[in-house]
Amino acid sequence: MSQIYISHAHSFSNGEARQIADEIAVTLAENYSIDYEWEDDVLYFERGGVYGQIEVDEDAILVQAELSFPLNLLQHRIEAEINKVMQAHFVA
Numbered sequence: 098m099s100q101i102y103i104s105h106a107h108s109f110s111n112g113e114a115r116q117i118a119d120e121i122a123v124t125l126a127e128n129y130s131i132d133y134e135w136e137d138d139v140l141y142f143e144r145g146g147v148y149g150q151i152e153v154d155e156d157a158i159l160v161q162a163e164l165s166f167p168l169n170l171l172q173h174r175i176e177a178e179i180n181k182v183m184q185a186h187f188v189a
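Here it is in structure tokens:
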């Protein structure tokens, strides 16, 4: 399994950052059939081949994901897409 760790700084309040993360999760669920649930300030997500979490911190969004073997080949593309989404939504 491959692992992805991304930390992206933001300047939002904790509530605002959580709302933005939730909007991203809703879009991912609609587009990619990802299941997710919140537990405090951590959003856990899962779909065949990938699972992980998005933690909303005071000044950063922390993304951790585990990719199954077939998705290992797409790791760099997945990381690039996550970074693109973070940059679009969480401007520091």
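Going from the sequence shown to this note's numbering is simple: count from 1 and add 97.
Note that the Cβ used here is the ideal one computed from N, Cα and C, for glycine as well.
Going by C-alpha positions, residue 173 is about 10 Å away from residue 180. Around the beta-carbon of residue 118, 16 or more other beta-carbon atoms lie within 10 Å, marking it buried. Annotation for residue 112: no beta strand (DSSP E) segment contains it, though the alpha helix (DSSP H) segment containing it runs 111 to 129.
Between residue 176 and residue 121, the gap from beta carbon to beta carbon reaches 8 Å or more. About 27 Å separates the beta carbon of residue 143 from that of residue 156, a gap too long to meet the 8 Å contact definition.
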